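Colleague:
Number of protein chains: 2
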Amino acid sequence: MPEYAVVGKSLPRVDGEEKVTGQAQFTSDLKIAALLHVRLVLSPYANARIVSIDTSEAEKVPGVIGVYRASDLPFVEPDSGSRKRDFMARDRVLYHGHPVVCVVAETGAAAEDAVGLVDVDYDPQDAAVDLLLSLEPGSPLARGEKPVEASAEAAMHGGGASGETEEHEELPANVSSNLHFTRGDIDAVLAASDVVVQNTYRTPMVHQAYMEPQVAAVTIDALGELTVYTSTQAIFYTRNEICAALGLPNSKVKVVSMTIGGGFGGKFMLIEALAAAVAVKTGRNVLLEYTRMDDFLAANPAPPSVWEVKLGAKKDGTITAMQAKVIFDTGAYAGSPLSIGSLLLGASYNYEAIDIRGYEVLTNKTPAGAYRGPGAVQAAFASESTVDMLAEKLGMDPFELRQKNGATEGTLRPNNVPWPKIGLAQCMTELEGHYRALVAKKQDHGTIREGVGVALGGWPGGLEPSTAICRLDADGTVSIVLGSVDLSGTDTSFKQIAAETFGLTPAQVNIVRGDSSNAPYAGGAGGSKTLYTVGLAVQRAAEDAKQQALQIAAGMLETGVDDLEIVEGVVRVKGVPGKQTTLDKIGALSMGPGAKQEPVYGRGSSAQANQSPAFAAHTTRVAVDTETGKVKILDYIAVQDVGFAINPAEVDGQIVGGIVQGIGQALYEKMDYDETGQITTQSFLDYAIPSAGHAPTIQAIQVEVASDWGPFGAKGVGEPPLIPCMPAIANAIADAVGIRPTSVPILPMDILAGIAALETNGKH
Amino acid sequence: MPEYAVVGKSLPRVDGEEKVTGQAQFTSDLKIAALLHVRLVLSPYANARIVSIDTSEAEKVPGVIGVYRASDLPFVEPDSGSRKRDFMARDRVLYHGHPVVCVVAETGAAAEDAVGLVDVDYDPQDAAVDLLLSLEPGSPLARGEKPVEASAEAAMHGGGASGETEEHEELPANVSSNLHFTRGDIDAVLAASDVVVQNTYRTPMVHQAYMEPQVAAVTIDALGELTVYTSTQAIFYTRNEICAALGLPNSKVKVVSMTIGGGFGGKFMLIEALAAAVAVKTGRNVLLEYTRMDDFLAANPAPPSVWEVKLGAKKDGTITAMQAKVIFDTGAYAGSPLSIGSLLLGASYNYEAIDIRGYEVLTNKTPAGAYRGPGAVQAAFASESTVDMLAEKLGMDPFELRQKNGATEGTLRPNNVPWPKIGLAQCMTELEGHYRALVAKKQDHGTIREGVGVALGGWPGGLEPSTAICRLDADGTVSIVLGSVDLSGTDTSFKQIAAETFGLTPAQVNIVRGDSSNAPYAGGAGGSKTLYTVGLAVQRAAEDAKQQALQIAAGMLETGVDDLEIVEGVVRVKGVPGKQTTLDKIGALSMGPGAKQEPVYGRGSSAQANQSPAFAAHTTRVAVDTETGKVKILDYIAVQDVGFAINPAEVDGQIVGGIVQGIGQALYEKMDYDETGQITTQSFLDYAIPSAGHAPTIQAIQVEVASDWGPFGAKGVGEPPLIPCMPAIANAIADAVGIRPTSVPILPMDILAGIAALETNGKH
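Same order as they appear, the protein sequences are chains A and B.
No gaps in the numbering here: position 718 of the first sequence is 719 in my numbering, and each next residue is one more.
No gaps in the numbering here: position 521 of the second sequence is 522 in my numbering, and each next residue is one more.
#1: Taking Cβ positions only, does Tyr522 of chain A come closer than 7 Å to chain B?
#2: By the 10 Å Cβ neighbour count, where 16 or more other Cβ atoms means buried, how is Ile747 of chain B classified, buried or exposed?
#3: Ignore the nearest five residues each way along the sequence and tell me which others in Gly161 of chain A's own chain have a CB closer than 7 Å to its CB.
#4: Can you tell me whether Ser163 of chain A is helix, strand or coil according to DSSP?
#5: Please work out which residues of its chain come closer than 8 Å, Cβ to Cβ, to Gly164 of chain A, disregarding the five sequence neighbours upstream and downstream, and give them in chain order.
#6: Going by DSSP in three states, Gly714 of chain B sits in which element: helix, strand or coil?
#7: Taking Lys422 of chain B as the reference, give the member of B:Phe616, B:Val535, B:Pro338, B:Val510 with the closest Cα.
#8: Per DSSP, what kind of secondary structure is Lys442 of chain B in: helix, strand or coil?
#9: What are the partner residues of Arg622 of chain A, as DSSP defines its beta bridges?
#10: Compute the distance between the beta-carbons of Ala210 of chain A and Ile690 of chain A, then report whether it is under 7 Å.
#11: In chain order, what residues of the same chain lie with their CB nearer than 8 Å to the CB of Pro507 of chain A, ignoring the 5 residues before and after it?
#12: With distances taken Cα to Cα, identify the nearest neighbour of Thr204 of chain B among B:Ala143, B:Val219, B:Pro304.
#13: Could you tell me whether any Cβ in chain A is nearer than 7 Å to the Cβ of Met270 of chain B?
#14: Please tell me whether Asp476 of chain A has its Cβ less than 7 Å away from any Cβ of chain B.
#15: Within 10 Å of its beta-carbon, does Met89 of chain A have 16 or more other beta-carbons around it, so buried, or fewer, so exposed?
#16: Please report the straight-line C-alpha distance between Val21 of chain B and Ile512 of chain A, rounded to a whole angstrom.
#17: For Ser347 of chain B, is the classification buried or exposed, using 16 other Cβ atoms within 10 angstroms of its Cβ as the cut-off for buried?
#18: So, helix, strand or coil for Pro63 of chain B, using DSSP?
#19: Let me know the secondary structure DSSP gives Ile328 of chain A once reduced to three states.
#20: Straight-line CA distance for Gly117 of chain B to Ser684 of chain B?
#21: Helix, strand or coil for Pro148 of chain B per DSSP?
#22: Looking at chain A, is there any beta carbon in it that lies within less than 7 Å of the beta carbon of Gln598 of chain B?
#23: Starting from Gly359 of chain B, trace the alpha helix (DSSP H) in both directions and tell me its first and last residue.
#24: If you draw a straight line from the alpha carbon of Arg293 of chain A to that of Ile638 of chain A, how long is it in whole angstroms?
#25: Under three-state DSSP, which class holds Gly751 of chain A?
#26: Going by other Cβ atoms of all chains shown within 10 Å of its Cβ, with 16 needed for buried, is Ala59 of chain A buried or exposed?
#27: Where in the region 272-355 of chain A do unbroken runs of the beta strand (DSSP E), each at least 3 residues long, occur, reported from the N-terminal end onward?
#28: In three-state terms, what does DSSP make of Asp30 of chain A?
#29: Using 8 Å as the cut-off, can you tell me whether the region 368-388 of chain B makes contact with the region 323-337 of chain B, which would need three or more C-beta pairs spanning the two stretches below that distance?
#30: When DSSP labels each residue in this structure, what does Ser606 of chain B get in the three-state scheme?
#31: Is any beta-carbon of chain A found at less than 7 Å from that of Gly711 of chain B?
#32: Could you check what DSSP says for Glu566 of chain A in three-state terms: helix, strand or coil?
#33: Could you work out which residues of chain A lie near Lys32 of chain B, taking near to mean beta carbons separated by less than 8 Å?
#34: Applying the 10 Å Cβ sphere with the 16-neighbour rule, what's the burial state of Gly248 of chain B?
#35: Are Pro722 of chain A and Ile660 of chain A close, meaning C-beta to C-beta below 7 Å?
#36: Around the Cβ of Asp642 of chain A, are there at least 16 other Cβ atoms within 10 angstroms (buried) or fewer (exposed)?
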């Protein structure tokens, strides 16, 4: 491996100081003059006709500017069925939390007061709540007669799943989309298998639980031009959606990315068009800031799902077939990760035969959004739990079964597209000793039973074209100009990539961004693609700028470009000590009156054609208290193929953070609905996320199977840490107490019930 | 000439709507939270030691945050002698209006009240006031013992004058710089001339009289990063100067160009570092907004000058020699246009011998700045008046004398550098009929005498590297991203250049800008260089983007790039009707998840190595009332070589506007000082600028001698209209009443005195 000066080092984050000192500017920190505050009246029903709305008392509240229904606002696509372009209810509400009326007032308090005075007369209808019941004939229709749209958003975060076979199948009325992946003769292969196991798994709706609720501030000028300040993960997508919603040309809307207080896939764009519509309606600057309760009721959490999985294998442990049915409950609008989830379900191992059917079901619940590793996290729980069942039935070591069958380069995925080079085997090799050590270490203490689990999973990695700029400045520093959002520390890595490429110290590189009107294009920060795609553009921009600088320096030093090198910002003639110049001198020759050289302005673009999928393998040792059902995680070791770690400390941070979220999903988190479709978890009092005290010490181990395409061999590292987490914990619990968790979160009462059932069945 | 679809047409200005409807955002329109207001205590003396300053009463005014001297503020270059980096007085004041103390308060009114309570004890000194007296031995020293700096700013607006001979000459103590241009044996050539004329001219200090006084708003965040909103003509220069003044890295200061309410050279950077210093000192957002009186006392007006000019000629009208002495009164800091003025003085005609000595003199007056056609305007007055004297003495038609001797390609300038291709002769040819018609038309009416004048002048044109971006957007429009300031309508021309080059309608092109942190580099908007330099970068960026788009389209349409054309945004296969695609489709293939093409992101840079000088020739018919001395302009016809008019209506606007300013300088405008150095013109009550009623109908005629270098053959058009204006009017007055104006403004009382003197001498 080449010796690098800047990449591969754990530099401090560029956004560290402002965040640690509390100076980072979040959207709601903006001081905007003459700001109106918007509060929403949310539907208390999951499915109801709106009979009438009386806003007269609300309008009387001092400071209230207006009380608006959807039809009062300048949305131009009222019947498109797109939630983002028509955020509020019209003639009926479709989920508990569906915004019905927005109150606009000079102060937040006035708006809040007025919200309580809006009188909406609803005609409640039976709601489609449970995803399985919603597939039954005669079940309530979630969307009534409304047409169902296909959503583009799933592709925003997706790992590029495509190629599924589509066939004409008679579908229940609430199904918004379906797919079918097949390979081989599934019935014959299963029949020929020595062992077959099957099980059904459920995952609940979970919330991204970002610290900063959804927020958007919109300023408007007298010519109707809008500037939208938002913690979006994707400024260009948000701009496009706002323009589509309001029928405005792109030139009239500028989206500025603010510091983002956590996104995890949930902030691609949600309330921005509504805030913009209120600004257009009132001609005033507007702040729409969700309360935490708004965010639980009316944001875009990860959707519930059901997975029926059947696996076959030969006696020797060769896995033969997967047959599965995948159902995602997308809530009131389409947009679940059905496609990527179904694809990844059958992608971690070699299968002779595949038969996976997937269904997206509309219900009267909060519509689905993306959440880190969308679809993959749920798929891994189903797949990796069933693989453990197979190991048990085969009497085989679960680690060995995985090693024997794990996907490698060329393994066909369910869409029959082979994996490119992947590092799954290397992760397993690296993990094995740790796994064996945990197994050796586990021991029971009275009613406390210990178990060790292993699980794996991968993420193909998103792709999106992007451009970056590397601009030499008059003081000899360079600025990297970006249109991407720094969701996860990518700015620091970009600084390192630019410094390494150009031959600078990190202090000589500034990271700056533009807004959607003037920045180079970049896709949304999601799908583990920012470093992989924008990072390559940064590398190319820095190389382009370096060549321009060398060209000028060659003239100054009367030598050829090839004889020059740049080290820590000094341009030197190789082998001629002291014959050198500096970048500020090159700046002076290319910027300023009468200067003779063109400014050094490097451009780099990327349109990655190839994914560099990243796998992870986890092992954990847990202790289960058989008297209380409580699970304690004792050890957690994660191995991940990161391609090349531009900044190892940041990659560690991604891994550890992802695992803590995975622990939350495995053991604590669930947005719950009652049978009428009422959300019963409306705050962090009801919705449990892990605190620092719940997080064990996590050992993150980076394996580097270099990507052929990413900058310096790097791969996206954001999604994978979360993917094997739930099944690793579930498998450890199964190992400890002999019960197979089939739904998450794995709650103490479920464990106690499982233990009781085992005892009843005499198996314990 | 090729047929163009968009350039060469008079499209409406892109900034028209927002300006006509009053919606343009000027710096003082910004709504900035928690804003402090700064007011300045200005020196009432031209030259004084500061004995003591008592701020205690001022500090007691409610709302006052601080009362600061220069030494209280974080300037790091207190002894550099740079006015811009150390704007306030330290131990002595150097001019009437020199800021001594700044008062910072929560409201403008509180600051204003406190200003009146600051008690400064001055020890007044004799002041250097008159520029000639200041050259005398023993005259007061304008700067005491302070070192005198060379100023970089003159180069910012300059037409690229350079190459003057410098020699060691014993200089008076107040001289800050000098130059000497020579060619041939001046004494011998003058001695061999048949006719010699000579005269001395004075021009006064004049103010740019922009509608919007100097203003800067600075926001500061808790990490000390500054954003400076200002009506600067040059965002990068301003950023660099602020950083130098405060010792900050470039990355800590961002300059945002606001709508500019007139600049004319006077807004390259003045008060911005002071405003920034106050923001750093207080940690608060700050607005420093000049009153009109502040702007008269403490801005940067055009400097006074004296011109001694001697011309020789042969009997046949061949001009032989110019000997001249040029003195610019730069006020208390160096920075006059001595170099460009001295160069242009001897550049309009062929001279066998040249001997021009130039001196920049420091006095205790408001320091000099640039004003449209700096140096050139004064030089033309001196040169063109003397040429008319020569015509009279030769008994030759003044138009013919100019045609016979006028500079052409290859004519040596005083620095012995030949003119490149110029259009002076073409302008004169175009003007001749108009001049002859005015001469034929003139007639006296009793005490009203009419006269016709002619004059010419040119401007070499500034050069500065620049970069521009042409970005395809998702909706199929393109955005031109710029770091230049739109001072004079250049944005509209850029839109046309981009549309023509790419094959778009103007509506498909957006003009957007970045700030100094993220925009492509561009020089200051001045010196008639923006269209010529940035315009070329725009053309190249659009061509680059077009080629990228064609490459993608070729793949879509399965054809070669060469077979494609873009017409009004539609990419067509030439000769195959209906085989076409659109830019939004190309956008969809290059932006968005999974898109396979790199974003279309064109970059263009320019580093013009060659000037494309632009000449103008004016004629005017005036009526002089011999009883009142009042001058009325009856006809005004201006011919200007514009290379190629990208937008003819805008070019007309430049010409007409420049001439109205020239009429002001010829007849009305003067900043006056008494013998102690007190400014006696402190408002528009004392300082007369022409109103609409003073402006005649002006006929602007465009001649197009295409530049080999500018976009579509365009040349800079901003400075030339003002240059021949004063001498054309002076020559017309001389023609009418037989007196030779030797100073401007040419006031009625001076004309009456001249007429009286003529009558006394029996010449009338």
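Glycine included, every Cβ here is placed at the ideal spot set by N, Cα and C.
A quick note: this is a predicted structure, and the numbers were derived from the prediction, not measured.
Modeller: So, to answer that:
#1: Within the first sequence, numbered from 1, the residue matching residue 522 of chain A stands at position 521. Contact of Tyr522 of chain A with chain B is assigned, a C-beta pair being separated by under 7 Å.
#2: Counted from its first residue, the second sequence places residue 747 of chain B at position 746. Buried, since its Cβ has 16 or more Cβ neighbours within 10 Å.
#3: Within the first sequence, residue 161 of chain A is the residue found at index 160, counting from 1. Residue confidence is low: Gly161 of chain A scores 46 on pLDDT, short of 50, so the model does not pin down where it sits. Its coordinate-derived value is still stated next. Taken in chain order, the residues that qualify are Pro461, Gly463, Leu464, Gln612.
#4: Locating residue 163 of chain A in the first sequence gives position 162, where the first residue counts as 1. Note that Ser163 of chain A scores 46 on pLDDT, short of 50, meaning its location in the model is unreliable and no value can be drawn from it.
#5: Counting from 1 along the first sequence, the entry for residue 164 of chain A is found at position 163. Unreliable placement is indicated for Gly164 of chain A, whose pLDDT of 43 sits below 50; the coordinate value is still reported in the next sentence. Close CB contacts of Gly164 of chain A within its chain, under the 8 Å cut and outside five residues either way in sequence, are with Asn416, Asn417, Val418 (chain order).
#6: Here residue 714 of chain B refers to the residue found at position 713 of the second sequence. Reduced to three states, the DSSP call for Gly714 of chain B is helix.
#7: Position 421 of the second sequence, counted from the start, is the residue given in the question as residue 422 of chain B. The shortest Cα separation from Lys422 of chain B among B:Phe616, B:Val535, B:Pro338, B:Val510 belongs to B:Phe616.
#8: By one-based count along the second sequence, residue 442 of chain B stands at place 441. Here Lys442 of chain B sits in helix by DSSP.
#9: For the purposes of this step, residue 622 of chain A is taken as residue 621 along the first sequence, with counting starting at 1. Per DSSP, A:Val453, A:Asp636.
#10: Stepping through the first sequence from its first residue, residue 210 of chain A is reached at position 209. Stepping through the first sequence from its first residue, residue 690 of chain A is reached at position 689. In contact: Ala210 of chain A and Ile690 of chain A (Cβ atoms closer than 7 Å).
#11: Taking the first residue of the first sequence as 1, we reach residue 507 of chain A at position 506. Closer than 8 Å at the Cβ level, and outside the excluded window around Pro507 of chain A, lie Val7, Leu12, Lys496, Gln497, Ala500.
#12: Start at 1 with the first residue of the second sequence, and residue 204 of chain B comes out as number 203. Nearest of B:Ala143, B:Val219, B:Pro304 to Thr204 of chain B, Cα basis: B:Pro304.
#13: Walking along the second sequence from the start, residue 270 of chain B turns up at place 269. It does not; no Cβ of chain A falls within 7 Å.
#14: Within the first sequence, residue 476 of chain A is the residue found at index 475, counting from 1. Yes, Asp476 of chain A lies at the interface with chain B (some Cβ there is under 7 Å from its Cβ).
#15: Within the first sequence, residue 89 of chain A is the residue found at index 88, counting from 1. Flag for Met89 of chain A reads buried.
#16: Taking the second sequence and counting its residues from 1, the one referred to as residue 21 of chain B is at position 20. Taking the first sequence and counting its residues from 1, the one referred to as residue 512 of chain A is at position 511. Taking the straight line joining both Cα atoms gives about 38 Å.
#17: Position 346 of the second sequence holds residue 347 of chain B. One point to set straight first is that residue 347 of chain B is Gly, not Ser, in the sequence displayed. Label assigned to Gly347 of chain B: buried.
#18: Working through the second sequence from its first residue, we reach residue 63 of chain B at position 62. Coil.
#19: Taking the first residue of the first sequence as 1, we reach residue 328 of chain A at position 327. Looking at Ile328 of chain A - three-state DSSP - the assignment turns out to be strand.
#20: The count along the second sequence starts at 1 and reaches residue 117 of chain B at position 116. The count along the second sequence starts at 1 and reaches residue 684 of chain B at position 683. Straight-line Cα distance between these residues: approximately 19 Å.
#21: By 1-based counting over the second sequence, the position of residue 148 of chain B is 147. The pLDDT assigned to Pro148 of chain B is 46, lower than 50, so where the model puts this residue is not dependable, and the model offers no usable value.
#22: Position 597 of the second sequence, counting from 1, holds the residue named residue 598 of chain B. Yes, Gln598 of chain B counts as interfacial toward chain A.
#23: Locating residue 359 of chain B in the second sequence gives position 358, where the first residue counts as 1. Premise fails: Gly359 of chain B lies in the beta strand (DSSP E), 354-363, not in any alpha helix (DSSP H).
#24: Your numbering for residue 293 of chain A matches position 292 in the first sequence. Your numbering for residue 638 of chain A matches position 637 in the first sequence. Computed Cα separation, rounded: 33 Å.
#25: Start at 1 with the first residue of the first sequence, and residue 751 of chain A comes out as number 750. Looking at the sequence itself, residue 751 of chain A is Asp, so the reference to Gly does not match. Residue state, collapsed to three classes: helix.
#26: Residue numbering aside, residue 59 of chain A sits at position 58 when the first sequence is read from its first letter. Classification for Ala59 of chain A: buried.
#27: Entirely contained in the region 272-355 of chain A, the beta strand (DSSP E) runs reaching 3 residues are, in chain order, 286-290, 306-314, 320-332.
#28: Counting from one through the first sequence, the residue named residue 30 of chain A turns up at place 29. Residue state for Asp30 of chain A is assigned as helix, using DSSP reduced to three classes.
#29: Enough Cβ pairs lie closer than 8 Å, so yes.
#30: Residue numbering aside, residue 606 of chain B sits at position 605 when the second sequence is read from its first letter. Strand at Ser606 of chain B.
#31: For the purposes of this step, residue 711 of chain B is taken as residue 710 along the second sequence, with counting starting at 1. Gly711 of chain B has a beta carbon lying at 7 Å or more from every beta carbon in chain A.
#32: Taking the first sequence and counting its residues from 1, one reaches residue 566 of chain A at position 565. Of the three classes helix, strand and coil, the one that applies to Glu566 of chain A here is strand, per DSSP.
#33: For this step, residue 32 of chain B is matched to residue 31 along the second sequence. Residues of chain A passing the Cβ test: Ile33, Ala34, Ala35.
#34: Here the question's residue 248 of chain B lines up with position 247 in the second sequence. Classification of Gly248 of chain B: exposed, given that the 10 Å Cβ count is below 16.
#35: The residue you call residue 722 of chain A lines up with position 721 of the first sequence. The residue you call residue 660 of chain A lines up with position 659 of the first sequence. Yes.
#36: Here the question's residue 642 of chain A lines up with position 641 in the first sequence. By the neighbour-count rule (16 or more Cβ atoms within 10 Å), Asp642 of chain A is buried.
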